[in-house]
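Using our numbering, you'd call the opening residue of the sequence shown number 4 and step up by one each time.
Cβ atoms here follow ideal geometry from the backbone N, Cα and C, with glycine treated the same way.
Keep in mind the model is a prediction, meaning the values are calculated, not measured.
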Amino acid sequence: EREIALLLRDGLGNKALARHLDLGLPTVKTHLLNLFRKVGARNRTELVGMLFLQGD
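Right under this line is the structure:
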């Protein structure tokens, strides 16, 4: 999830995340949903904003 969060901050989409991490698209989506729940984000834009506020 951490790797996905860092790449998401860089603007990668789900397919690019899957390719970059050599994961299936459903796996990427599962990790993203887990991230949404952990930080309380309602959507991808909100999640990215929270990640930028947190820093690295």
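Same chain, Cβ closer than 7 Å to E4, five either side skipped, listed in chain order: H34, N37 and L38
Cβ neighbours of T30 in the same chain (closer than 8 Å, five flanking residues each side left out): A21
Own chain partners of A8 with C-beta closer than 7 Å, once the 5 adjacent residues on each side are dropped: L38 and L54
N37 - containing alpha helix (DSSP H), residue span: L28 to V42
Residue interval of the alpha helix (DSSP H) (run including L15): Element bounds for L15: n/a, residue is neither H nor E.
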